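Counted from 1, the sequence shown has number 603 at position 603 by full-length UniProt numbering; the numbering is strictly sequential.
Structure record follows, encoded as structure tokens.
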Amino acid sequence: MPNPASKRKRDDASDSKSFRSIDSFFRSPKKRQPQVDICTPAPPGNQALTDEELARKLQAEWDRDAAPSRDGPHTEANTQAALLPQSVERKGDLQIADSPPKTSGVVPEKKTKGVLSLQTSATTEDTISMSLPLDQPPLSFKPSTYIEQLREFWGLEGGRASYSILARAFSLVNSTQSRIKIVDILVNLLRILIEGNPDSLLPAVWLATNAFAPPYVPLELGLGGSAISKALKKAYGLDNLGLKSLYDKHGDAGDVAYEAKKKQSFTLRRPKPLSIKGVYDSLTGIANSKGTGSQENKQRIVEQLLRDARGAEESRYIVRTLVQHLRIGAVRTTMLIALARAFLYSRPPSATFEVYLQPDLMNLKKDELSNLYARAEEIVKASYARHPNYNDLIPCLLETGISKAVLAKCGLSLHIPLLPMLGSITRDLTEMLTKLQGKKFSCEYKYDGQRAQVHCDTAGKVSLFSRHLEFMTDKYPDLVSLVPQIRGDGVSSFILEGEVVAVDQESGDLLPFQTLSNRAKKNVEMSNIKINVCLFAFDLMYLNGEPLLERSFRERRELLRSLFVEIPKRFSWVKSIDATSTDSDMILNFFREATKEKCEGIMVKVLDTDVEAVETVGLGSAIKESSNIAKEKQKGTRKRALLSTYEPDKRLESWLKVKKDYSTASDTLDLIPIAGWHGQGRKAKWWSPILLAVRNPETGSLEAVTKCMSGFTDKFYQENKEKYAEHGDNVISRPSYVDYRNEPEVWFEPQEVWEVAFADITLSPTYTAAIGLVSEERGLSLRFPRFLRVREDKTIEEASTSAYLAELWRKQSARLQIEGVDSMQEEP
1 MPNPASKRKR DDASDSKSFR SIDSFFRSPK KRQPQVDICT PAPPGNQALT
51 DEELARKLQA EWDRDAAPSR DGPHTEANTQ AALLPQSVER KGDLQIADSP
101 PKTSGVVPEK KTKGVLSLQT SATTEDTISM SLPLDQPPLS FKPSTYIEQL
151 REFWGLEGGR ASYSILARAF SLVNSTQSRI KIVDILVNLL RILIEGNPDS
201 LLPAVWLATN AFAPPYVPLE LGLGGSAISK ALKKAYGLDN LGLKSLYDKH
251 GDAGDVAYEA KKKQSFTLRR PKPLSIKGVY DSLTGIANSK GTGSQENKQR
301 IVEQLLRDAR GAEESRYIVR TLVQHLRIGA VRTTMLIALA RAFLYSRPPS
351 ATFEVYLQPD LMNLKKDELS NLYARAEEIV KASYARHPNY NDLIPCLLET
401 GISKAVLAKC GLSLHIPLLP MLGSITRDLT EMLTKLQGKK FSCEYKYDGQ
451 RAQVHCDTAG KVSLFSRHLE FMTDKYPDLV SLVPQIRGDG VSSFILEGEV
501 VAVDQESGDL LPFQTLSNRA KKNVEMSNIK INVCLFAFDL MYLNGEPLLE
551 RSFRERRELL RSLFVEIPKR FSWVKSIDAT STDSDMILNF FREATKEKCE
601 GIMVKVLDTD VEAVETVGLG SAIKESSNIA KEKQKGTRKR ALLSTYEPDK
651 RLESWLKVKK DYSTASDTLD LIPIAGWHGQ GRKAKWWSPI LLAVRNPETG
701 SLEAVTKCMS GFTDKFYQEN KEKYAEHGDN VISRPSYVDY RNEPEVWFEP
751 QEVWEVAFAD ITLSPTYTAA IGLVSEERGL SLRFPRFLRV REDKTIEEAS
801 TSAYLAELWR KQSARLQIEG VDSMQEEP
């Protein structure tokens, strides 16, 4: 048996030449080399000094050399002056101070040039920002109490809001799972920026939403794990073994940076303070760095960000931002809510729009305050749904506040995709007919393809976007070339929506989505296209400069079919029939035809809006819907008026999906794999069972719902174990945004959606899915879950929600009560 000493020698001798990710870097430590400072000769003798001992020795020598040039003895004031920000000249790895800064209360009599100063890392913390009580309720939080002091502090740093205030908010958000608390923290953060430094509001929103550009702009950081590993080593004096040890212990790159910064006791200079705008500009600089030398430039920017981080919390969130995984649970909807509420309370110093005084808001009843919040939130959400770009929304809010002007100024625009309207799921045709009883509706084929949004302006420029708002014009040059042919007389500009489906150009037969997915994704040349497609159009949202969202579906469809030209096997309309709930036989035959034609099922859409749904006027259909919902709650009824207007980013029952998968005996859910355990016996080398979760869009958390170990093939087990390798990038430490009461063997990075069938839903004391929706103490779980497939067409933001799971449970309960079965049974 090898002794520990020989084992250490073998470990030290291992040398890995490739760095694919931060985790693979940690797991493959290079041979440790003695660190030699090229600027400082080695100390005499065989005993080497540590970094801190060497720094202290140098400091003592510099103090002695500088002593004759100073007036008077060494004083506390001189010590404080040495710890203040300094203008520095970079010489190798050393920082030479040109002169101490001018600061009120501490003014040295003589400036000493070329004196190096040993800085205590703890003194670099921004204690003002990090002590802000951002977790107070907005009704009692007063930004004016802190803004004057913050502005004075920011003035010393160039006048911009410091990044530390953002790190403070992130830290508070990360410490709670309460949606109310998260919103309150963000509202208070935004209010301070609105009143104190409006120019920092936009970059703060981008950073808080873990992005730096809208989804339709193809811009990526392009940072590898090795770049961050090298930066951590260089900025914080870590070696390979130290970095690996920290990652083994914490499992999160941000937490590694946090611990490394805490252990950095001294630095040769005080960091240059990070500002919110400066960090955002650094990210865009990294993303825009292209061509020769771009990787070196990106590396320098990352290193500088880490060096300038003043404190462990800043380091943590800088790194998490760089790896594009902020992990604070603040989803897009939460940010839009926070923006709406913040602008009810606050405005920039130069703005003239009206805001509510805190005493007036405190005098409102709870329902009155909720209604005020709801109206403001609907305006902001509706504007973002039509124009999903903070670069346009934030300046508009700063100028006009919460008003109708936001929807007018920041509304539907060409070449900026709007968020698509979504359909609700129904179990079968019977349920669909019950919901739409007495209504006129259209049944359409639900093609097995890729949803596409087509924009064309008066100059003939064409843009194509996916349902996730991804820019995919380069993917479909054949569709782009088709646009001039389908545009009829009198059509100058438009936005239409349809389904891109792979077709056999000879027979016209529809091909499955798997065939379409085999097309190249980028820079497709017409001559290289082997898989032909047809665009089946089903909606028209914009025509000749006029938005059509407020028009009924019947009107929009009529305009689409009368003004555009059909081209067989390349551009056509979705196949459809108009019906009512009394035409059940005709609808059943149509559904069978759709499934026979290899479609997923049918979409059912209300043709005309209910009369009662248009009682309110003024802020668009999204606001009307919100008002109607409020009225229905007051009346004690849950039935909503059905709108035939196009409602971006809403899932309403005026659009219903009836899929062949849902018409079978068992329901299915789209769940997110979040953790796993080693299997038993033959499955010991694989992950089995696997923990699955639903998402809670209200809190941004993932709620555990079941363990699945059925439906997997050996090939899938192998591929899944490779994807979620124990020491790979996709295995993480316990995430704060996951709600589960036990501890699995490994946690997965949430990144994919699985379709899962099950027998029924039960109340559970273990799982947290939908807790509070059906029971205050117990969540919901699934009995006999079975894996069906990976939903490659869905992101985790489209996974099944806890509210939908609760709705299925209520339907099951009602059905079982009719059958005389106790629906309140718990899982064994």
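Just so you know, even glycine gets a beta-carbon here, dropped at the ideal spot from N, CA and C.
Model, not experiment: these values are computed from the prediction.
Contact between the region 356-375 and the region 300-309 is absent, with fewer than three C-beta pairs closer than 8 Å. Just so you know, the alpha carbons of ASP667 and GLY508 end up roughly 33 Å apart. Taking C-alpha positions only, PHE170 is separated from LEU241 by approximately 29 Å. Distance from the CA atom of THR795 to the CA atom of GLU152, rounded to whole angstroms, is 45 Å.
According to the DSSP secondary-structure assignment, THR801 is paired through a beta bridge with ARG695. Contact check between the region 736-745 and the region 676-693: three or more CB pairs, one atom from each, fall below 8 Å, which counts as touching. In chain order, SER584, ILE587, LEU588, PHE591, VAL658 and SER663 place their CB closer than 8 Å to the CB of LEU429, counting only its own chain and leaving out the 5 sequence neighbours on each side. The beta carbons of LYS261 and GLY311 sit about 7 Å from each other, so the pair counts as a contact at 8 Å. Here the C-alpha atom of VAL302 lies approximately 42 Å from the C-alpha atom of ALA459. Contact check for LEU563 against VAL491 passes: the beta carbons are separated by less than 7 Å. For TYR236, the three-state secondary structure derived from DSSP is helix.
Non-local C-beta neighbours of LYS233 in its own chain, meaning closer than 8 Å and more than five positions away in sequence, comprise ASP239, ASN240 and LEU243, ordered along the chain.
With contacts defined by Cβ atoms closer than 7 Å, LEU540 and LEU496 form a contacting pair. Taking 7 Å as the cut-off, the beta carbon of ASP739 is found closer than this to the beta carbon of GLU703. Residue pairing of ASP539 in beta bridges, as defined by DSSP: GLU497. Here the alpha carbons of LEU189 and SER315 stand approximately 19 Å from one another. Around SER802, the same chain offers VAL694, ASN696, GLU703, ALA769 and ALA770 as residues with beta carbons nearer than 6 Å, after the five sequence neighbours per side are excluded. Within the same chain, and ignoring the five residues on either side of TRP655 in sequence, the residues whose Cβ sits closer than 6 Å to its Cβ are GLY423 and LYS605. Sequence-distant partners of GLY681 (beyond 5 residues in either direction) whose C-beta falls short of 7 Å from its own C-beta are missing from its chain. With 16 or more other Cβ atoms inside 10 Å of its own Cβ, VAL774 counts as buried. Checking the DSSP bridge columns, you'll see SER481 has no partner listed. Rounded to whole angstroms, LYS685 and TYR717 show a C-alpha spacing of 9 Å.
In this model, LEU805 and GLU776 are separated by some 15 Å (Cα to Cα).
Separation of the CB atoms of VAL406 and SER383 is rounded to 5 Å, and the pair is thereby assigned contact status at 8 Å. Three or more pairs of CB atoms, one per stretch, sit closer than 8 Å, so the region 206-225 contacts the region 382-401. Sixteen is the threshold: since fewer than 16 other Cβ atoms of the shown chains lie within 10 Å of the Cβ of ILE180, the residue is exposed.
Proximity to SER576 across LYS263, ALA502, GLU558 and LYS290 peaks at GLU558, based on C-alpha coordinates. Residue state for HIS455 is assigned as strand, using DSSP reduced to three classes.
The residue among ALA161, SER466, CYS410 and LEU671 with its C-alpha nearest the C-alpha of ALA757 is LEU671. Secondary structure at ILE425: strand, using DSSP grouped into helix, strand and coil. Taking LYS707 as reference, the option from TYR737, ASP714 and THR766 with the minimal CA-CA separation is THR766. For the beta strand (DSSP E) assignment, the uninterrupted runs of no fewer than 3 residues enclosed by the region 667-753 are, from N- to C-terminal side, 668-678, 687-696, 701-708 and 746-748. DSSP links CYS534 through a beta bridge to VAL501. Judged by DSSP in its simplified three-state form, LEU464 adopts strand. Burial of SER764 is indicated by the presence of at least 16 other C-beta atoms within 10 angstroms of its C-beta. Here the alpha carbons of THR582 and LEU433 stand approximately 8 Å from one another.
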